[in-house]
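Taking it in order: structure first as C-alpha coordinates, then the write-up.
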Amino acid sequence: MMARDPRFTLANALTAFRLVVAAPGMLACTLLGAREAFVWVLAASFASDAIDGTVARLTGQATRFGAMLDSWADAVAYTVIAIGVASLWPELVRAEGLAFGAIVASFAVPSGFGYVRFRRFTSYHTWLVKLAVAATATALLVVLSGGPAWPFRLAAVLASLAALEEIAITCVLAAPRSNVRSLLSVLRARRPRA
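Going by our numbering, the first residue of the sequence shown is number 2, and it counts up by one from there.
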(Lines of atoms letter the chains of each structure in order from A; the text may use other names.)
(Lines give C-alpha, C1' and ligand atoms only; values in the text may rest on other atoms or scores of the structure.)
Protein backbone atom coordinates (compact mmCIF):
# COMPACT_ATOMS: atom_id res chain seq x y z
CA MET A 2 0.00 0.00 0.00
CA MET A 3 1.31 3.46 -0.92
CA ALA A 4 1.84 5.98 1.85
CA ARG A 5 -0.17 9.18 1.62
CA ASP A 6 1.86 12.32 0.89
CA PRO A 7 1.76 14.40 4.11
CA ARG A 8 1.59 17.60 2.04
CA PHE A 9 -1.89 16.69 0.79
CA THR A 10 -3.94 18.01 3.69
CA LEU A 11 -7.12 20.02 4.08
CA ALA A 12 -5.13 22.99 5.38
CA ASN A 13 -2.78 22.95 2.39
CA ALA A 14 -5.75 22.56 0.02
CA LEU A 15 -7.29 25.71 1.49
CA THR A 16 -3.98 27.50 0.95
CA ALA A 17 -3.56 26.10 -2.56
CA PHE A 18 -7.05 27.42 -3.39
CA ARG A 19 -5.56 30.93 -3.35
CA LEU A 20 -2.83 29.90 -5.79
CA VAL A 21 -4.81 27.84 -8.30
CA VAL A 22 -8.34 29.29 -8.09
CA ALA A 23 -8.54 32.69 -6.38
CA ALA A 24 -5.47 34.39 -7.88
CA PRO A 25 -6.21 33.29 -11.47
CA GLY A 26 -9.89 34.11 -10.89
CA MET A 27 -9.08 37.64 -9.73
CA LEU A 28 -6.73 38.07 -12.68
CA ALA A 29 -9.49 36.94 -15.08
CA CYS A 30 -11.94 39.36 -13.44
CA THR A 31 -9.38 42.13 -13.85
CA LEU A 32 -8.87 41.36 -17.55
CA LEU A 33 -12.65 41.22 -18.09
CA GLY A 34 -13.31 44.41 -16.10
CA ALA A 35 -15.64 42.47 -13.79
CA ARG A 36 -15.50 44.53 -10.57
CA GLU A 37 -18.29 42.76 -8.68
CA ALA A 38 -16.96 39.29 -9.50
CA PHE A 39 -13.47 40.44 -8.43
CA VAL A 40 -14.84 41.43 -5.01
CA TRP A 41 -16.50 38.02 -4.57
CA VAL A 42 -13.35 36.11 -5.52
CA LEU A 43 -11.33 38.47 -3.30
CA ALA A 44 -13.65 37.66 -0.38
CA ALA A 45 -13.19 33.91 -1.01
CA SER A 46 -9.42 34.39 -1.12
CA PHE A 47 -9.45 36.28 2.18
CA ALA A 48 -11.70 33.61 3.75
CA SER A 49 -9.27 30.88 2.68
CA ASP A 50 -6.37 32.88 4.13
CA ALA A 51 -8.25 33.42 7.38
CA ILE A 52 -8.97 29.75 8.05
CA ASP A 53 -6.13 27.69 6.58
CA GLY A 54 -3.75 28.23 9.52
CA THR A 55 -6.45 27.54 12.09
CA VAL A 56 -7.42 24.34 10.28
CA ALA A 57 -3.75 23.30 10.18
CA ARG A 58 -3.32 23.80 13.93
CA LEU A 59 -6.65 22.20 14.93
CA THR A 60 -6.04 19.11 12.79
CA GLY A 61 -2.35 18.74 13.64
CA GLN A 62 -1.40 19.53 10.04
CA ALA A 63 0.82 22.56 10.73
CA THR A 64 4.13 22.06 8.93
CA ARG A 65 7.02 24.11 7.63
CA PHE A 66 5.88 23.22 4.10
CA GLY A 67 2.40 24.55 4.89
CA ALA A 68 3.83 27.80 6.28
CA MET A 69 5.94 28.31 3.15
CA LEU A 70 3.02 27.40 0.86
CA ASP A 71 0.94 29.98 2.72
CA SER A 72 3.62 32.63 2.21
CA TRP A 73 3.82 31.87 -1.52
CA ALA A 74 0.02 31.92 -1.82
CA ASP A 75 -0.03 35.26 -0.01
CA ALA A 76 2.64 36.70 -2.31
CA VAL A 77 0.80 35.63 -5.46
CA ALA A 78 -2.65 36.64 -4.19
CA TYR A 79 -1.49 40.03 -2.88
CA THR A 80 0.29 40.78 -6.16
CA VAL A 81 -2.86 39.97 -8.14
CA ILE A 82 -4.99 41.97 -5.66
CA ALA A 83 -2.74 45.02 -6.12
CA ILE A 84 -2.89 44.70 -9.92
CA GLY A 85 -6.66 44.16 -9.86
CA VAL A 86 -7.44 47.06 -7.53
CA ALA A 87 -5.15 49.41 -9.48
CA SER A 88 -6.74 48.36 -12.78
CA LEU A 89 -10.40 48.17 -11.74
CA TRP A 90 -10.47 51.04 -9.21
CA PRO A 91 -7.90 53.57 -10.48
CA GLU A 92 -9.88 56.39 -8.87
CA LEU A 93 -9.45 54.72 -5.46
CA VAL A 94 -5.72 54.30 -5.99
CA ARG A 95 -5.43 57.97 -6.98
CA ALA A 96 -7.46 59.14 -3.98
CA GLU A 97 -5.84 56.75 -1.48
CA GLY A 98 -2.41 56.45 -3.07
CA LEU A 99 -0.48 56.79 0.17
CA ALA A 100 -2.51 54.08 1.94
CA PHE A 101 -2.49 51.83 -1.14
CA GLY A 102 1.28 52.24 -1.53
CA ALA A 103 1.89 51.61 2.17
CA ILE A 104 -0.12 48.39 2.08
CA VAL A 105 1.61 47.11 -1.07
CA ALA A 106 5.03 48.02 0.35
CA SER A 107 4.20 46.41 3.70
CA PHE A 108 3.82 43.05 1.98
CA ALA A 109 6.63 43.41 -0.57
CA VAL A 110 9.46 45.02 1.42
CA PRO A 111 9.68 42.52 4.34
CA SER A 112 9.56 39.63 1.85
CA GLY A 113 12.34 41.15 -0.23
CA PHE A 114 14.37 41.96 2.87
CA GLY A 115 14.00 38.38 4.11
CA TYR A 116 15.01 37.03 0.72
CA VAL A 117 18.14 39.19 0.62
CA ARG A 118 19.11 38.16 4.17
CA PHE A 119 18.24 34.44 4.08
CA ARG A 120 18.01 33.67 0.35
CA ARG A 121 14.41 32.62 0.84
CA PHE A 122 11.13 34.26 1.63
CA THR A 123 10.17 34.46 5.28
CA SER A 124 6.98 33.01 6.74
CA TYR A 125 6.71 34.54 10.20
CA HIS A 126 2.92 34.89 10.43
CA THR A 127 3.21 37.19 13.45
CA TRP A 128 0.18 38.28 15.45
CA LEU A 129 0.62 41.83 14.17
CA VAL A 130 0.70 40.61 10.56
CA LYS A 131 -2.46 38.59 11.19
CA LEU A 132 -4.16 41.68 12.63
CA ALA A 133 -2.96 43.82 9.71
CA VAL A 134 -4.18 41.27 7.15
CA ALA A 135 -7.59 41.04 8.85
CA ALA A 136 -7.84 44.84 8.94
CA THR A 137 -6.70 45.17 5.33
CA ALA A 138 -9.09 42.47 4.09
CA THR A 139 -12.06 43.99 5.90
CA ALA A 140 -11.17 47.55 4.88
CA LEU A 141 -10.56 46.61 1.26
CA LEU A 142 -13.90 44.82 0.99
CA VAL A 143 -15.61 47.85 2.59
CA VAL A 144 -13.97 50.45 0.35
CA LEU A 145 -14.39 48.39 -2.85
CA SER A 146 -18.08 48.05 -2.03
CA GLY A 147 -18.43 51.84 -1.87
CA GLY A 148 -17.88 52.30 1.85
CA PRO A 149 -15.68 54.87 3.60
CA ALA A 150 -11.91 54.99 3.10
CA TRP A 151 -10.85 55.60 6.71
CA PRO A 152 -10.71 51.86 7.59
CA PHE A 153 -8.37 51.41 4.61
CA ARG A 154 -6.10 54.16 5.96
CA LEU A 155 -6.09 52.56 9.41
CA ALA A 156 -5.25 49.20 7.84
CA ALA A 157 -2.31 50.87 6.06
CA VAL A 158 -0.93 52.04 9.40
CA LEU A 159 -1.28 48.54 10.91
CA ALA A 160 0.27 46.94 7.83
CA SER A 161 3.21 49.35 8.01
CA LEU A 162 3.79 48.55 11.69
CA ALA A 163 3.61 44.82 10.92
CA ALA A 164 6.15 45.28 8.12
CA LEU A 165 8.55 47.08 10.45
CA GLU A 166 8.21 44.25 12.98
CA GLU A 167 8.92 41.64 10.29
CA ILE A 168 12.02 43.52 9.14
CA ALA A 169 13.22 43.77 12.76
CA ILE A 170 12.67 40.02 13.24
CA THR A 171 14.70 39.33 10.10
CA CYS A 172 17.51 41.51 11.48
CA VAL A 173 17.48 39.71 14.85
CA LEU A 174 17.25 36.09 13.69
CA ALA A 175 20.43 34.25 12.72
CA ALA A 176 18.48 31.81 10.52
CA PRO A 177 14.98 31.82 9.05
CA ARG A 178 12.10 30.47 11.15
CA SER A 179 8.42 29.96 10.45
CA ASN A 180 5.45 30.94 12.60
CA VAL A 181 7.06 33.51 14.89
CA ARG A 182 4.57 35.16 17.27
CA SER A 183 6.25 38.56 17.58
CA LEU A 184 9.52 40.45 17.78
CA LEU A 185 9.16 40.33 21.56
CA SER A 186 9.01 36.52 21.53
CA VAL A 187 12.20 36.40 19.44
CA LEU A 188 13.99 38.79 21.79
CA ARG A 189 12.85 36.82 24.86
CA ALA A 190 14.13 33.59 23.33
CA ARG A 191 17.56 35.18 22.79
CA ARG A 192 17.88 36.25 26.44
CA PRO A 193 20.13 33.98 28.52
CA ARG A 194 18.20 32.04 31.12
CA ALA A 195 19.15 32.55 34.76
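Positions of the beta carbon are idealized from the N, C-alpha and C atoms, including for glycine. All values derive from a computational prediction rather than experimental measurement.
Sub-7 angstroms separation of residue i and residue j beta-carbons
i      : j      : result
Ala184 : Ala160 : It is worth fixing the name first, because residue 184 is Leu in this sequence and not Ala. No, Cβ-Cβ distance for Leu184 and Ala160 is not below 7 angstroms.
Val81  : Leu28  : yes
Gly85  : Phe39  : yes
Ala135 : Val144 : no
Gly115 : Thr31  : no
Arg5   : Ala78  : no
Ala12  : Gln62  : yes
Ser210 : Ser72  : Lying outside 2 to 195, the shown extent of the chain, residue 210 is not represented and no answer is given.
Leu94  : Ala87  : Just to set this straight, residue 94 is Val in the shown sequence, not Leu. A contact, by the Cβ cut-off of 7 angstroms.
Val181 : Thr127 : yes
Ile104 : Thr137 : yes
Simplified DSSP assignment, three categories, for residue i
i      : result
Ser179 : strand
Phe9   : coil
Range covered by the alpha helix (DSSP H) that runs through residue i
i      : result
Arg189 : Leu184 to Arg191
Trp151 : Trp151 to Val173
Glu92  : Pro91 to Ala96
Cutoff 6 angstroms; reference residue i; Cβ partners in own chain excluding five residues on either side
i      : result
Ala163 : Leu129, Val130 and Ala133
Trp90  : none
Ser46  : Arg19, Ala23 and Ala78
Residues near residue i in its chain [Cβ-Cβ closer than 7 angstroms; skip 5 each side]
i      : result
Leu15  : Ser49, Ile52, Asp53 and Val56
Ala100 : Phe153, Arg154 and Ala157
Ala24  : Val77, Ala78 and Val81
What are the complete beta strand (DSSP E) segments, minimum 3 residues, inside the segment 112-147?
none
Jot down the residue ranges of each uninterrupted alpha helix (DSSP H) in the segment 11-77, minimum 4 residues, whole runs only, in chain order.
11-18, 24-33 and 36-59
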